[in-house]
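Encoded as structure tokens, the structure appears first; notes follow it.
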Amino acid sequence: MSDETFLDTEKTLVRKLDRTLMPVVFILYLFNYLDRNNIAQAKLDSFEADLGLTGNNYSTAVSILVPGYMLMQLPSNMILTRVRPSLYIPFWVCLWSCVSASTAAVHNFQGLIAVRFILGITEAPFFPGVFYLLSCWYRKGELALRFAILYSGLVLATAVSGLLAAGIFSGLDGVAGLAGWRWLFIIEGAVSFLLGLIAFFFLPDFPGSATGSARWLLSEEERRISSYRMSLDSISSQETNRSVRHGLKLALCDYKVWIFSLILCSNQTAYGFNYFFPSIVRGFNLGSRTITLVCTAPPYIIGAVVSYFIAWSSDRKYERGYHICAPLAFAVVGFTLSVSILNIVARYCASFIYISGVFGANAAVYSWAAFTVGDTSEKKAAATAIINIMGQFGNIWSPYFFDPNDEPRYSRAMILLIAFCGLEIALSLTMKAILRRENKKILARTEVSGNLPGLYML
194 MSDETFLDTE
204 KTLVRKLDRT
214 LMPVVFILYL
224 FNYLDRNNIA
234 QAKLDSFEAD
244 LGLTGNNYST
254 AVSILVPGYM
264 LMQLPSNMIL
274 TRVRPSLYIP
284 FWVCLWSCVS
294 ASTAAVHNFQ
304 GLIAVRFILG
314 ITEAPFFPGV
324 FYLLSCWYRK
334 GELALRFAIL
344 YSGLVLATAV
354 SGLLAAGIFS
364 GLDGVAGLAG
374 WRWLFIIEGA
384 VSFLLGLIAF
394 FFLPDFPGSA
404 TGSARWLLSE
414 EERRISSYRM
424 SLDSISSQET
434 NRSVRHGLKL
444 ALCDYKVWIF
454 SLILCSNQTA
464 YGFNYFFPSI
474 VRGFNLGSRT
484 ITLVCTAPPY
494 IIGAVVSYFI
504 AWSSDRKYER
514 GYHICAPLAF
524 AVVGFTLSVS
534 ILNIVARYCA
544 SFIYISGVFG
554 ANAAVYSWAA
564 FTVGDTSEKK
574 AAATAIINIM
584 GQFGNIWSPY
594 FFDPNDEPRY
604 SRAMILLIAF
614 CGLEIALSLT
624 MKAILRRENK
634 KILARTEVSG
644 NLPGLYML
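Numbers in this note's numbering are just positions in the sequence shown, counted from 1, shifted up by 193.
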């Protein structure tokens, strides 16, 4: 096959993936986050009063999802390397949808904690599984933008959740004797269940396979090229043992996995404002509850646009480290403004800055990690799950930064978020220096053979 024919076929393959795989995982992730985050909107209804929540009960309900989410991710990703993603991922989508909808039947704090913990377990396979699946189909210079598109599902979910909640609270509160927040969980859970059923048809399995959507979407030549083109991005490695256990061992022993874990943990901690953003906006006294919910949307929409641009630039320039540090520096400015000024308009504008900064860095973090720790597919599956698991610690402790007595400014929380942005910047620069050194070693080893080796993206 000539180079020109290869490139044309590759472009056709990527277009087909962009038109099927990406829209499906985007919509599913949007509802994955809606089902997880709708508790933030429920807080503005009679949620706390109906369940008798006091003190830090709400923060505990937010955090308890994370342990279940962490427990299931690693075994799920190891299983994923041996099953069909087109069946495995939609199954869990349907299951979490049922669990999320069941929150509407909760009547006390204990029941809420139980449902939230189980929801964490059932939602856990989706994100690391899709993260791994995308890294199997898209090359290094393609992944950041696609991951930004995926992650913008989270951003859009956070933006539209307020609008959806406003409509449901105003239109369905009291219907059939149910509070508006109960209808919120029921409706969003039912829609995500339907989408899970649709996903059985549209998700592919792994490159080269003739199952899943690849059966009807890709030609035989495109399936062959899908495997070959991914081999072009592999880092030089001598590993031949392809067992799941050995992949886990490689991941656990790779210090780069743990540095990326700290980077993501810092990022997720800096994102801790998310569950409290409706309360932050309410503190601006912009108007009624409906207006408050509507005003939560614009900062996230702008954040999504910014994340697309940063990811596009990161792929185009084939660089990751500086594309993480730059938006985080802007996030520090936004948090600083939020904590240091009293003007309401200025503080609302500052939220656009820190939301865009934190989200802008996220896609580069994930896409950088995926191809840095993936010597084998088994190691990549284990390593990406470990990185995501460790990152969740940020989601465990960050809700406790937001003391109810500090509402609505949350000055202490903003200062802590600034500190974690600074830590993420320092770790990213450290990783960039480490990988530059590793690339020099790889080039030195292959200089004699004259072969062009696979190198780490910086």
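No residue lacks a Cβ here, since even glycine has one placed at the ideal position from N, Cα and C.
All of these numbers come straight from a predicted model, not from anything done at the bench.
- Around the beta carbon of residue 510, fewer than 16 other beta carbons lie within 10 angstroms, which makes this residue exposed.
- The beta-carbon distance between residue 375 and residue 312, rounded to whole angstroms, is 16 Å. This is too long to meet the 8 Å contact definition.
- Under DSSP, residue 405 takes part in a beta bridge, and its partners are 397.
- Linking residue 543 to residue 492 through their CA atoms gives a straight-line distance of about 9 Å.
- Cα atoms of residue 235 and residue 263: separation of roughly 24 Å, rounded to the nearest angstrom.
- Around the beta carbon of residue 445, a 10 Å sphere encloses fewer than 16 other beta carbons of the protein chains shown; the residue is thus reported as exposed.
- Ranked by Cα distance from residue 505, the options 342, 302, 327, 595 are led by 342.
- The beta carbon of residue 530 lies closer than 6 Å to those of 543 in the same chain, with the five residues before and after it left out.
- From the listed residues 650, 434, 243, 537, the smallest Cα separation to residue 635 is found for 650.
- Residue 533 counts as exposed, since fewer than 16 other beta carbons sit within 10 angstroms of its beta carbon.
- In this structure the region 368–382 lies against the region 284–296, because at least three pairs of beta carbons, one per stretch, are closer than 8 Å.
- Rounded to whole angstroms, residue 475 and residue 498 show a C-alpha spacing of 24 Å.
- Under the three-pair Cβ rule at 8 Å, the region 210–220 counts as touching the region 391–403.
- One alpha carbon belongs to residue 559, the other to residue 465, and they sit about 18 Å apart.
- If you draw a straight line from the Cα of residue 632 to the Cα of residue 453, it is about 18 Å long.
- If you draw a straight line from the Cα of residue 201 to the Cα of residue 467, it is about 42 Å long.
- Between the region 271–283 and the region 434–441 there are three or more C-beta pairs closer than 8 Å, enough to call the two in contact.
- Between residue 459 and residue 571 the beta-carbon gap is near 27 Å, outside 8 Å, which marks them as no contact.
- The C-beta distance from residue 489 to residue 470 rounds to 6 Å, short enough to meet the 8 Å contact threshold.
- Closest option to residue 481, judged by alpha-carbon separation, among 536, 209, 404, 237: 237.
- Contact check for residue 301 against residue 261 fails: the beta carbons are separated by 8 Å or more.
- Going by C-alpha positions, residue 408 is about 11 Å away from residue 279.
- Fully enclosed alpha helix (DSSP H) runs of no fewer than 4 residues occupy 437–446, 448–463 of the region 426–464, in order along the chain.
- Just so you know, the alpha carbons of residue 605 and residue 257 end up roughly 22 Å apart.
- Here the region 582–595 does not lie against the region 563–570, with fewer than 3 beta-carbon pairs under 8 Å apart.
- Following the DSSP letters along the chain, one finds residue 477 in no alpha helix (DSSP H), marked with neither H nor E.
- Ranking 448, 242, 404, 254 by CA distance to the CA of residue 576 puts 448 first.
- Rounded to the nearest angstrom, the Cβ distance from residue 333 to residue 243 is 49 Å, too far for a contact under 8 Å.
- In the structure shown, residue 236 adopts coil according to DSSP, grouped into three states.
- For secondary structure counted as the alpha helix (DSSP H) over 4 or more consecutive residues, the region 577–623 holds these complete runs in sequence order: 586–590.
- In this structure, residue 626 keeps its C-beta atom at 8 Å or more from the C-beta atom of residue 270.
- The region 318–327 and the region 348–366 do not touch, with fewer than three beta-carbon pairs separated by less than 8 Å.
- The criterion of a C-beta distance shorter than 8 Å is not satisfied by residue 405 and residue 286.
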